[in-house]
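Numbering-wise, numbering that gives the first Met the number 0 puts 223 at position 224 of the sequence shown, and it's gapless, one number per residue.
For glycine and all other residues, C-beta sits at the position ideal for the given N, C-alpha and C.
Please read these numbers as outputs of a predicted model, since none were measured by experiment.
For reference, the structure discussed in these notes is given below.
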Amino acid sequence: MIQKGLKGVVAVETTIASVDGEKGELRYKDLLLKDVVEQQTFEAVASFLWEIDEKQVTRLLVEGRQLGFDHLFVLKVLPKSLSIMDQVRTVVSSMGTPELLARSLKEQAVLLTGALAVLTAAAYRIQREQQPVTPSVELPHVANYLYMLSGSHPTKSEVTALETYLITTMEHGMNASTFAARVTVSSESDLPSGLVSALGTMKGPLHGGAPSGVLALLDEIASVGSVETVVMNKLQSGERIMGFGHRVYKTNDPRSLVLREACKKLSGEERWLQLAVEAEKEITRLLALHKPGRRLYTNVEYYAAAIMKSIALPSELFTPTFSVARSVGWTAHMVEQLENNVIFRPESVYVTSVNDFAP
Ligand code: ACO
C-alpha cells in the first residue's frame, strides 16, 4: 500500500528525541520539553542532544562562528535579492572543505551550528547594505546571534525570549528537514551536504516557512477586525490557516504551549500578543466546526511568530532563525544516521500516463 507523504511510516530508531502526537508530548531524550526549557541554556541543551561535554561545545561554537565568518566572502558575491535562506544554504555548500571533513562527525556538528548563526546574521546585514558584525568570543551563542544581527548588546529579556524559542525548536524527531538531512548523508555524503538539504526543505511554507504566514494572518485579522471573516474566506478558497495543524500532534503542540507561556512574560508587543491569544481560541473553534475530525490546533509556528515579533526580529529572519535552532537536531540526526547507516531507498509504483499523451 502507498503511504503518501510517508504518513505513519517508521523509518529509523533514534535516541535523540521522541514525539507523542496523541498525548502532546515532546521529549529530548527522556526529558519532557517543558522541564528542559526551564533555566537551561542553548549550549547546555545542545550538548545534551549531541552527547558532547558542554565546555567542548562552547569552545567549538566559538571556532564554528569563526569558520562561518571566514566564509563570508562567498556571501558577498551572491545576489542581494536572494532570500536569507537561499544565501545561507548556498554558503553552506562551500563549507565541505577537506579540513572540515577531517574533523570528527560530532565536531563538525558543532562547528556547522556555530557557523550557521554567523552566516544568517551576516546575510541579513549584507542585504541591508550593513557590514557583518564579527562574532564575540565572549558572548554565549544566543546573545552572540542577537549581537551579530544588530551590532549592539541585547537585553537580558531579549536573550531569554530567543533562548526559550531556540531550545524549544532545536529538535523534533523525523520532521521533513531532518528526514531530508538523514536521506542525504545516508548515501555516505557529508554533513555540509545534509545541512544544505535540510535548509532547502525547511524554507517551504508547510514546514519552517509558516511563521511569516502567521504574522500575515494576524495582521489581516487586525485590519479586518473579525477572525471569523478572515478564516472563513481562507477556508472557502481552500487555503490553510498558517500556524495550525500538525502531521503528528492531534492535540496541543507542547512547543506551542511553552512558547505561549513565554510570550505572556514578555513586554513590548502586548496588544499583538493579546490578539494572538484571542484569535487562537476563535480559529480553533472555527476549524473544529468546519474541518471536523481533523483535530487542528496551533503548532509551534503560531507562537514562534509572537515571540519573534516581541523581540522585534523582522519576519524575513523567522525561518532562518528557526534553522539556527534546528541545526542542532539536524546535525545530531546526521551523526546518528552515519553511525549506523542504511541508505534510504523507498520504492514507487509505476502508473501509466501514456493515454494522456497519445495523439
Ligand atoms: N488549515 C486548514 N485546514 C487544514 C490545516 C490548516 N492549517 N491543516 C490541515 N488541514 C486540513 C486539510 O485541509 C485536510 O482536510 P481535508 O481532509 O478536508 O482534505 C486535513 O486537515 C488533513 O490535512 P493534511 O494535509 O493531510 O495533514 P498533514 O498532516 O499532511 O499536514 C501540515 C500537516 C502540513 C502541518 C498542515 O497541518 C498545514 O499545512 N498547516 C499549515 C502550515 C503550517 O502551519 N506549517 C507549520 C507546521 S509545524 C512545522 O513544520 C515546524
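Not one heavy atom of the ligand ACO sits closer than 8 Å to the Cβ of residue 143. Closest in alpha carbon position to residue 110, among 142, 190, 306, 35, is 190.
Where residue 17 is concerned, the enclosing beta strand (DSSP E) starts and stops at 16 to 19. A buried status is given to residue 282, since no fewer than 16 other beta-carbon atoms sit within 10 Å of its beta-carbon. Separation of residue 74 and residue 235 (C-alpha to C-alpha, rounded to the nearest whole angstrom) is 42 Å. Shown here, residue 248 sits in coil according to DSSP, grouped into three states, outside any helix or strand. Per the DSSP secondary-structure output, residue 26 pairs in a beta bridge with 17, 31.
Counting along the chain, residue 349 sits inside no alpha helix (DSSP H), nor does DSSP assign it H or E at all.
Collapsing the DSSP output to three states places residue 243 in a strand.
For the pair residue 284 and residue 259, the Cα-to-Cα distance works out to about 18 Å. Taking C-alpha positions only, residue 8 is separated from residue 133 by approximately 44 Å. Distances between the C-beta of residue 207 and the heavy atoms of the ligand ACO include at least one below 8 Å. As computed with DSSP, residue 297 is found in a beta bridge with 243. Note on geometry: alpha-carbon atoms of residue 65 and residue 42 lie some 17 Å from one another.
DSSP places residue 339 outside both helix and strand once states are collapsed to three, so it counts as coil. For residue 121, the enclosing alpha helix (DSSP H) begins and ends at 104 to 126. Contact annotation: the region 197 to 212 touches the region 228 to 242, with at least three C-beta pairs closer than 8 Å. Ranking 304, 296, 4, 355 by CA distance to the CA of residue 161 puts 304 first. In this structure, DSSP gives residue 334 a helical state, which the three-state scheme calls helix.
Closest by C-alpha distance to residue 308, out of 340, 233, 327, 213, is 213.
A straight line joining the alpha-carbon of residue 246 with that of residue 6 spans about 8 Å. Contact check for residue 112 against residue 60 passes: the beta carbons are separated by less than 9 Å. At a cut-off of 8 Å, the beta-carbon of residue 204 counts as near the ligand ACO: some heavy atom of the ligand is closer than that.
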